[in-house]
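Enquirer:
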Amino acid sequence: MFKFVLLLALIFTGFPALADEANPGGDTPERAVVERLIDEIGLRESAVAARDLPGWSPPKKVVVWPVNADWLPGLKSVAPGVELVFVENREQARKEGVDAQAVIGMCDEKMLSTSSELFWVQVFSAGVERCIGNPSLQKRSRLLTNGQRIGSPGLAEHAIAMMMMLARGLDVYHTNQLSGVWKRQTELARTDHIELEGKTLLVAGLGGIGTQVAKRGHGMGMHVIATRNSRREGPDYVEYVGLSHELNTLAAKADVVINTVPLTDQTRGMFNATFFDAMKPRAFYINVGRGGTTVTDDLVAALKSGSIGGAGLDVTDPEPLPEGHPLWTTPRVIISPHTAGRSDKGRERLYVMVKENLRRYVKGDPMLSVVDIERGY
Ligand SMILES: NC(=O)c1ccc[n+]([C@@H]2O[C@H](COP(=O)([O-])OP(=O)(O)OC[C@H]3O[C@@H](n4cnc5c(N)ncnc54)[C@H](OP(=O)(O)O)[C@@H]3O)[C@@H](O)[C@H]2O)c1
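For the sequence shown, the numbering used here gives the first residue as 1, with consecutive numbering after it.
Right, here's the structure in full:
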């Protein structure tokens, strides 16, 4: 009866509270939650089972970096017989990591270099440029999984919110509101108030976040085009999927560009003067990926010269953006301090994914969200 009630709760409430103790063996309701998460945000499963990777062995000890206390029973329930060590600080993690086979929640050079058996590293973020930059991660073959796609619905809504603010001039009106000024004549001409329906949105990086952005742009009646790194496949509502080298050609067609690419050797500084010159005059540039993909001085120059219409930046280079930086005072720029990934639902999704990955690792099954270390994402 209890399970029936739980199943109904799952169906009617979306992702449930962390009630794992009710289903210790991972039975039907829990599997439904995982399957739904995989479906909804497109989590990817590795083609290779963990047990077939050279370096995998049934784990005896796993270090878990500070997580919500309510994660603990659930993580324990999927790793029977495994010593899960919940650490409170980096020093403790490094000490415990020496004879651990896996670590959840951190990617630390010292731990990687001193631990002889450590094979699986699960980080919570989607961006892994810092983790991959650790020399010891590169030295030995290891399994790295990340938080790709987990925050994608909220991130996409954040990007769309920035686009709509710029399109409707709300950045300008809000600034006047803060000074208590009712001002109908501003630097915005009537035609600077843009209707987005029918306009073209270029999504650079049609991955987890990019697909959620594309879906929302299409829902608003925009023509959506995109770039990817490896292939031209995309959902039906994306009218054209190009490869990375087509970025500037596609930028010339777009009224709004939303950048969701990861930071890799290939993407560093990719949004530069040549790119901004290629953009349509008065088009908007929005970045929720990584600051390092954009040459900040080139962006500032494009904004100041009026060759682009505005920018929405959740990420900047450098970060934090220092006091007195020109971006703070350049008109038509909206900045949020790398917070687009926050949402009321993100932690719940992360928990479901991390727990599922721990369950799979213990059993030697194919893992979710595996990073291609060589490719950088
Ligand atoms: N602002 C924040 O707080 C925040 C939060 C989470 C993530 N992020 C950033 O957003 C990035 C993307 O996250 P995600 O979850 O969407 O990851 P994802 O699902 O792995 O998607 C990455 C996408 O980027 C594409 N790509 C890679 N290199 C490219 C290139 N040179 N040109 C065009 N496309 C390229 C990939 O193409 P293929 O599919 O063809 O391989 C893939 O579709 C993360 O790496 C992270 O840096 C920021």
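Where a beta carbon is used, it is the ideal one built from N, C-alpha and C, also for glycine.
So the beta strand (DSSP E) residue 257 belongs to, where does it begin and stop?
Expert: Your numbering for residue 257 matches position 257 in the sequence shown. That run of the beta strand (DSSP E) goes 256-259.
Enquirer: Between the segment 101-119 and the segment 55-72, can you find at least three pairs of beta-carbon atoms closer than 8 Å?
Expert: yes
Enquirer: On the DSSP letters alone, give me the boundaries of the alpha helix (DSSP H) that residue 213 sits inside.
Expert: The residue given as residue 213 occupies position 213 in the sequence shown. Counting along the chain, the alpha helix (DSSP H) containing residue 213 begins and ends at 208-219.
Enquirer: Residue 279 lies in the beta strand (DSSP E); which residues open and close that run?
Expert: As a first step, residue 279 is located in the sequence shown; it is residue number 279 there, counting from the start. Annotation for residue 279: no beta strand (DSSP E) segment contains it, and DSSP assigns it neither H nor E.
Enquirer: Using 10 angstroms around the beta-carbon of residue 120, count the other beta-carbons present and answer buried if the total reaches 16, otherwise exposed.
Expert: The residue labelled residue 120 in the question sits at position 120 within the sequence shown. Residue 120 is buried by the Cβ-count criterion.
Enquirer: Please confirm whether residue 256 and residue 164 have their CB atoms less than 7 Å apart.
Expert: Within the sequence shown, residue 256 is the residue found at index 256, counting from 1. Within the sequence shown, residue 164 is the residue found at index 164, counting from 1. Contact: no.
Enquirer: Closest by CA to residue 117, which one among 96, 186, 375, 177?
Expert: Residue numbering aside, residue 117 sits at position 117 when the sequence shown is read from its first letter. Looking at the Cα atoms, 96 is the closest of the given residues.
Enquirer: State the DSSP-derived secondary structure class of residue 367, mapped to helix, strand or coil.
Expert: Indexing the sequence shown from 1 puts residue 367 at position 367. Strand at residue 367.
Enquirer: Helix or strand or just coil, what does DSSP make of residue 243?
Expert: Within the sequence shown, residue 243 is the residue found at index 243, counting from 1. Strand, per DSSP.
Enquirer: Is residue 130 a contact residue of ligand 1, with contact defined as CB to any heavy atom under 6 Å?
Expert: Position 130 of the sequence shown holds residue 130. Because no heavy atom of ligand 1 lies under 6 Å away, the Cβ of residue 130 does not count as near it: no.
Enquirer: Can you say whether residue 322 is buried or exposed, counting buried as having 16 or more other CB atoms within 10 angstroms of its CB?
Expert: In the sequence shown, the residue the question calls residue 322 occupies position 322. Residue 322 comes out exposed.
Enquirer: Would you decide whether residue 52 is buried or exposed? Buried here means 16 or more other CB atoms lie within 10 Å of its CB.
Expert: Against the sequence shown, residue 52 aligns to sequence position 52. The residue in question, residue 52, is exposed, as its Cβ has fewer than 16 Cβ neighbours within 10 Å.
Enquirer: Comparing the CB of residue 229 with every heavy atom of ligand 1, is any distance shorter than 6 Å?
Expert: Position 229 of the sequence shown, counting from 1, holds the residue named residue 229. Yes - ligand 1 has a heavy atom lying nearer than 6 Å to the Cβ of residue 229.
Enquirer: Whole angstroms are fine: how far does the CA of residue 279 sit from the CA of residue 157?
Expert: Counted from its first residue, the sequence shown places residue 157 at position 157. Counted from its first residue, the sequence shown places residue 279 at position 279. Residue 157 and residue 279: Cα-Cα distance of roughly 23 Å.
Enquirer: If you draw a straight line from the alpha carbon of residue 227 to that of residue 172, how long is it in whole angstroms?
Expert: On the sequence shown, position 227 is the one that residue 227 refers to. On the sequence shown, position 172 is the one that residue 172 refers to. Each residue's Cα considered, the two are about 31 Å apart.
Enquirer: I'd like the ranges of any alpha helix (DSSP H) spanning at least 4 consecutive residues and lying wholly in the segment 288-331.
Expert: 296-305, 326-329
Enquirer: Taking residue 83 as part of the beta strand (DSSP E), name the residues at either end of that continuous run.
Expert: Your numbering for residue 83 matches position 83 in the sequence shown. Looking at the DSSP string, the run of the beta strand (DSSP E) that includes residue 83 is 83-86.
Enquirer: Once DSSP output is grouped into helix, strand and coil, what is the label at residue 61?
Expert: Working through the sequence shown from its first residue, we reach residue 61 at position 61. Strand at residue 61.
Enquirer: Please tell me whether, using a cut-off of 6 Å, the distance from the CB of residue 373 to the nearest non-hydrogen atom of ligand 1 is below it.
Expert: The count along the sequence shown starts at 1 and reaches residue 373 at position 373. No, since every heavy atom of ligand 1 falls outside the 6 Å radius drawn around the Cβ of residue 373.
Enquirer: Measure the CB-CB distance between residue 125 and residue 154 and report whether it falls below 7 Å.
Expert: As a working note, residue 125 is residue 125 in the sequence shown. As a working note, residue 154 is residue 154 in the sequence shown. Residue 154 is positioned such that its CB atom lies no closer than 7 Å to that of residue 125.
Enquirer: In terms of residue numbering, what span does the alpha helix (DSSP H) encompassing residue 72 cover?
Expert: On the sequence shown, position 72 is the one that residue 72 refers to. Unbroken alpha helix (DSSP H) run through residue 72: 72-77.
Enquirer: Over what stretch of residues does the beta strand (DSSP E) that includes residue 47 continue unbroken?
Expert: Taking the first residue of the sequence shown as position 1, residue 47 is located at position 47. From DSSP, the beta strand (DSSP E) with residue 47 extends over 45-49.
Enquirer: Helix, strand or coil for residue 26 per DSSP?
Expert: The count along the sequence shown starts at 1 and reaches residue 26 at position 26. Residue placement at residue 26 cannot be trusted, given a pLDDT of 48 that sits under 50; what the coordinates show is reported in the next sentence. The answer is coil: DSSP assigns residue 26 none of H, G, I, E or B.
Enquirer: Can you tell me whether residue 235 sits near ligand 1, meaning its C-beta is under 6 Å from at least one heavy atom of the ligand?
Expert: As a working mapping, residue 235 is identified with position 235 in the sequence shown. No; taking the cut-off as 6 Å, the Cβ of residue 235 has no heavy atom of ligand 1 nearer than that.
Enquirer: Alpha carbon to alpha carbon, how far is residue 54 from residue 134? Give it in angstroms, no decimals.
Expert: By one-based count along the sequence shown, residue 134 stands at place 134. By one-based count along the sequence shown, residue 54 stands at place 54. Answer to the nearest angstrom: the Cα atoms are 21 Å apart.
Enquirer: To which residues does DSSP link residue 98 through a beta bridge?
Expert: Walking along the sequence shown from the start, residue 98 turns up at place 98. In the DSSP output, where bridge partners are listed per residue, residue 98 has none listed.
Enquirer: Going by alpha carbons, who is nearest to residue 213 out of 261, 229, 168, 183?
Expert: Counting from 1 along the sequence shown, the entry for residue 213 is found at position 213. That would be 261, whose Cα lies nearest to the Cα of residue 213.
Enquirer: Could you give the DSSP three-state label for residue 377: helix, strand or coil?
Expert: The sequence position of residue 377 within the sequence shown is 377, counting from 1. DSSP places residue 377 in coil when its eight states are reduced to three.
Enquirer: Going by DSSP, what residue range makes up the alpha helix (DSSP H) through residue 158?
Expert: On the sequence shown, position 158 is the one that residue 158 refers to. 152-168 is the span of the alpha helix (DSSP H), which, as asked, contains residue 158.
Enquirer: On the premise that residue 336 lies in contact with residue 380, defined as a C-beta separation below 8 Å, what is that separation, rounded to the nearest angstrom?
Expert: In the structure displayed, the chain extends from 1 to 377; residue 380 sits before or after that span and is not available.
Enquirer: Quick one, are the C-beta atoms of residue 240 and residue 258 less than 7 Å apart?
Expert: In the sequence shown, the residue the question calls residue 240 occupies position 240. In the sequence shown, the residue the question calls residue 258 occupies position 258. No, they are not a contact pair.
Enquirer: For the segment 202-211 against the segment 185-194, do three or more pairs of beta-carbon atoms, one drawn from each stretch, fall closer than 8 Å, so that the two count as touching?
Expert: no
Enquirer: Keeping to the same chain, check which residues put their C-beta closer than 7 Å to that of residue 356; ignore five residues upstream and five downstream.
Expert: To locate residue 356, count along the sequence shown from 1; it is residue 356. Cβ neighbours of residue 356 beyond the five flanking positions: 34, 368.
Enquirer: Quick one: what does DSSP say residue 174 is sitting in, helix, strand or coil?
Expert: For the purposes of this step, residue 174 is taken as residue 174 along the sequence shown, with counting starting at 1. Helix at residue 174.
Enquirer: According to DSSP, is residue 122 part of a helix, a strand, or is it coil?
Expert: Here the question's residue 122 lines up with position 122 in the sequence shown. Strand, per DSSP.
Enquirer: Ignore the nearest five residues each way along the sequence and tell me which others in residue 400's own chain have a CB closer than 8 Å to its CB.
Expert: The shown model of the chain, from 1 to 377, leaves out residue 400, and the question about it has no answer.
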